[in-house]
Amino acid sequence: MSTRIRAIPSSLSAKTAPTVAPASTAFDPAVKKVLGTRLKSNMFGYTLALAWIQVVLLSVGKLVGQDGVGLKTVIWTPVQPFTIFATAALWGGLALPVLLMHKTCLTAELTKGTSFAKTVQKAWARGDVRKTLATYTLSAFLATAAYVLLSKHLESVDPRLNIFVKSRKHPLYLNGRLLFLIMSQVTVACVQSVRNVGYGSFTFIWGHTKLAPETISPMLLVEAAVATVSVMLSLPVFFIARLALRISLQTPLVKMLFWWLTPFTAHFLRGSFSFVLLFKHLPLLWRAWCLSLLTSLMWNFCDAIFKEYVCQPVPIATADVLVSGITSPDDVFKHFAYADLTAEKFFAPNMSTAAMWPTLCRESLLLLGHHYQHLVRRGVAPLPIVAPPPVPKPVEITATPVKMVRQSVFKSDSPSRASQLIDNLAGDSNADLPESFAKMPDALAKRVSEASSVSLSRFKPAVPTPASVAATRHWYTRERQDRVAESLLPYRKLDLLVVNTLSTLVAASLTDDQLGVVQRDIPKILEAMCAFLDEIETYQRDLPSATNEEEEEERKKAVVMLVEQADGFREGIARVVKTFGTKLSAFKFPPRVARKLQGFLDYA
């Protein structure tokens, strides 16, 4: 009798390959933690230092020259408790709201349109105009309050910046000096909002740009010019507001409805006009200019320091977390993941290349495919997929039998004499016309058709449009060639990162990928890169020629951008071709891709 054979028990079991964790649980929290640390330690620190410098300069400038103020007082001014308090108040009013606004509104989408009109439309649709205007206006009010408190504390002479004028007879009159200071700050907020929309300040900068010290002097000059323009604009705005208030409050209906404004604004109904204030209150204009410069400088420094530290690479230790970041729906996080993913991390001994590569390759090719289709369509949105209409069910008609008419249904050939007489009296269709009126000569018909085809645009309007208005409208709505090229390649820096990452990993797989997991996708990767490169070169050849110097400058910018993008794709393709060489003959490529690769192989 034979002995039954049993299987040897073992604790080993078939284990599935580990899957890539979702980005929301692995990569995104790590990036947010690093960016939060930079916000608190670097951005808050540098802006707080600038606020302290501004308060110290204002304090020293107001103390120098006063009676009883010595050198010791000036030296101890930077560390006095009031200086620290004023610094905190100024930083909380100027820097903190702007930094939080940039953090909230940061986007990878290109916010600049092909023309200034489309830029404003995109910003208004996203809500950037309302957010920036509200934030800057609130910040301007807080900065004005901090400046008024600082002036009251440091100046020996009353700056006359109270809310109400000091009058026993009219204690509720609003202070016009303070209102003008607030008006100038609101004007600065409006100017800064327009600058943010025009420059696309909320767009993520693809690539780290170092804030150089030599950019400080140009920034000071630009902000001084912005402060001057803002103060000059606030003068007519204040004049129009005061004139409108004077006219409206003298209207009986408005005076009856808004009678409660009279105790506060009655002094604005009399006195000199606002344009005379320029010559009577020059120190007030100097205050407004200094406060505008202080405000605009802090806002733009916050913008620069935010871009400086947000766009720096985020170091992540392991490759599996970086691959999970590639699946993130946010393109900013994808940028950080691709920028930090290297061949050393991907082919590390403790990493599962077979589990990570399919996700990495699929997400990368999908990303390049979406951007390639956007370039092929020249920015036109794809048509929505319309579902086929459902097939209607046949309707069963229950009809009743109809009795057939067995008489003649045709009209009688010989109408009656009475009906013919009635038809002749009722219309002129049967009237006999002379031969000379029945036909129109061909020459006359040709002249009438030519006269009717004259375009109405040849006639000049009754009120001609001024040349300046037409030029302004043309500048506002004209599409720039460089902006059009940028709109067709809005994520060009991210595309170059994807190409660089894929080509580097494929080139390193020749020695590091022992199982050949990466090499089996070489045809798809090279085909995607070659197709994208061909489309970039085609668009560069199809750029319209320039008709003036301005368009020529825009065309040069577009060509430079396209050449840089094409060189990045060529570098990625050349890296793979140089590494594998003739080994690429083992793969099958379409004829168009094969001819493209042959050129790279011959050059190598």
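Residue numbers (the working numbering): 1479 to 2082. We put the CB at the ideal spot given by N, CA and C, even for glycine. Here the structure is a predicted model, which means the values were calculated and not measured.
Bridge partner(s) assigned by DSSP for residue i
| i | result |
| --- | --- |
| residue 1585 | 1681 |
| residue 1652 | 1642 |
Rounded separation between residue i and residue j - CA only
| i | j | result |
| --- | --- | --- |
| residue 1814 | residue 1834 | 17 angstroms |
| residue 2030 | residue 2021 | 11 angstroms |
| residue 1855 | residue 1974 | 20 angstroms |
| residue 1823 | residue 1789 | 22 angstroms |
| residue 1691 | residue 1784 | 16 angstroms |
| residue 1988 | residue 1501 | 29 angstroms |
| residue 2089 | residue 1529 | Here the chain comprises residues numbered 1479 to 2082, so residue 2089 is not present and cannot be evaluated. |
| residue 1585 | residue 1510 | 15 angstroms |
| residue 2008 | residue 1839 | 16 angstroms |
| residue 1573 | residue 1721 | 35 angstroms |
| residue 1763 | residue 1718 | 17 angstroms |
| residue 1787 | residue 1966 | 28 angstroms |
| residue 2068 | residue 1589 | 38 angstroms |
| residue 1521 | residue 1780 | 8 angstroms |
| residue 1959 | residue 1633 | 54 angstroms |
| residue 1553 | residue 1714 | 41 angstroms |
| residue 1595 | residue 2006 | 35 angstroms |
| residue 2038 | residue 1758 | 54 angstroms |
| residue 2028 | residue 1556 | 50 angstroms |
| residue 1628 | residue 1514 | 32 angstroms |
| residue 1577 | residue 1993 | 49 angstroms |
| residue 1581 | residue 1517 | 9 angstroms |
| residue 1808 | residue 1684 | 14 angstroms |
| residue 1524 | residue 1650 | 42 angstroms |
| residue 1706 | residue 1712 | 10 angstroms |
| residue 2071 | residue 2004 | 8 angstroms |
| residue 1984 | residue 1804 | 17 angstroms |
| residue 1508 | residue 1583 | 20 angstroms |
| residue 1626 | residue 1723 | 25 angstroms |
| residue 1569 | residue 1612 | 18 angstroms |
| residue 1597 | residue 1866 | 37 angstroms |
| residue 1760 | residue 1860 | 59 angstroms |
| residue 1939 | residue 1945 | In this prediction, residue 1939 scores a pLDDT of 49, lower than 50, which makes its location untrustworthy; no coordinate-derived value is stated. |
| residue 1849 | residue 1857 | 10 angstroms |
| residue 1527 | residue 1558 | 15 angstroms |
Short Cβ contact (9 angstroms threshold) for residue i with residue j
| i | j | result |
| --- | --- | --- |
| residue 1591 | residue 1599 | yes |
| residue 1799 | residue 1986 | no |
| residue 1541 | residue 1551 | yes |
| residue 1607 | residue 1666 | no |
| residue 2040 | residue 1816 | no |
| residue 1533 | residue 1561 | yes |
| residue 1505 | residue 1863 | no |
| residue 1832 | residue 1995 | yes |
| residue 2059 | residue 1981 | no |
| residue 2032 | residue 2024 | yes |
| residue 2001 | residue 2066 | yes |
| residue 1964 | residue 1970 | yes |
| residue 1810 | residue 1716 | no |
| residue 1976 | residue 1802 | no |
| residue 2014 | residue 1853 | yes |
| residue 1689 | residue 1567 | no |
| residue 2036 | residue 1962 | yes |
| residue 1777 | residue 1614 | yes |
| residue 1593 | residue 2017 | no |
| residue 1812 | residue 1846 | no |
| residue 1659 | residue 1765 | yes |
| residue 1978 | residue 2046 | yes |
| residue 1968 | residue 1701 | no |
Cβ separation of residue i and residue j, assumed to be a contact under 8 angstroms, to the nearest whole Å
| i | j | result |
| --- | --- | --- |
| residue 1643 | residue 1653 | 5 angstroms |
| residue 2054 | residue 2079 | Going by Cβ atoms, the distance from residue 2054 to residue 2079 rounds to 11 angstroms, so no, they are not a contact pair. |
| residue 2011 | residue 2048 | 7 angstroms |
| residue 1662 | residue 1709 | 6 angstroms |
| residue 1818 | residue 1791 | 6 angstroms |
| residue 1674 | residue 1610 | 5 angstroms |
| residue 1571 | residue 1617 | 6 angstroms |
| residue 1990 | residue 1997 | The pair is not a contact, with the Cβ atoms about 11 angstroms apart (cut-off 8 angstroms). |
- At least 3 beta-carbon pairs within less than 8 angstroms: the segment 1615-1635 vs the segment 1760-1775: yes
- Query: Counting pairs of Cβ atoms below 8 angstroms between the segment 1634-1645 and the segment 1675-1687, do you hit three or more?
  - Reply: no
- Query: With contact counted as at least three CB pairs below 8 angstroms, one residue from each stretch, are the segment 1826-1833 and the segment 1694-1704 in contact?
  - Reply: no
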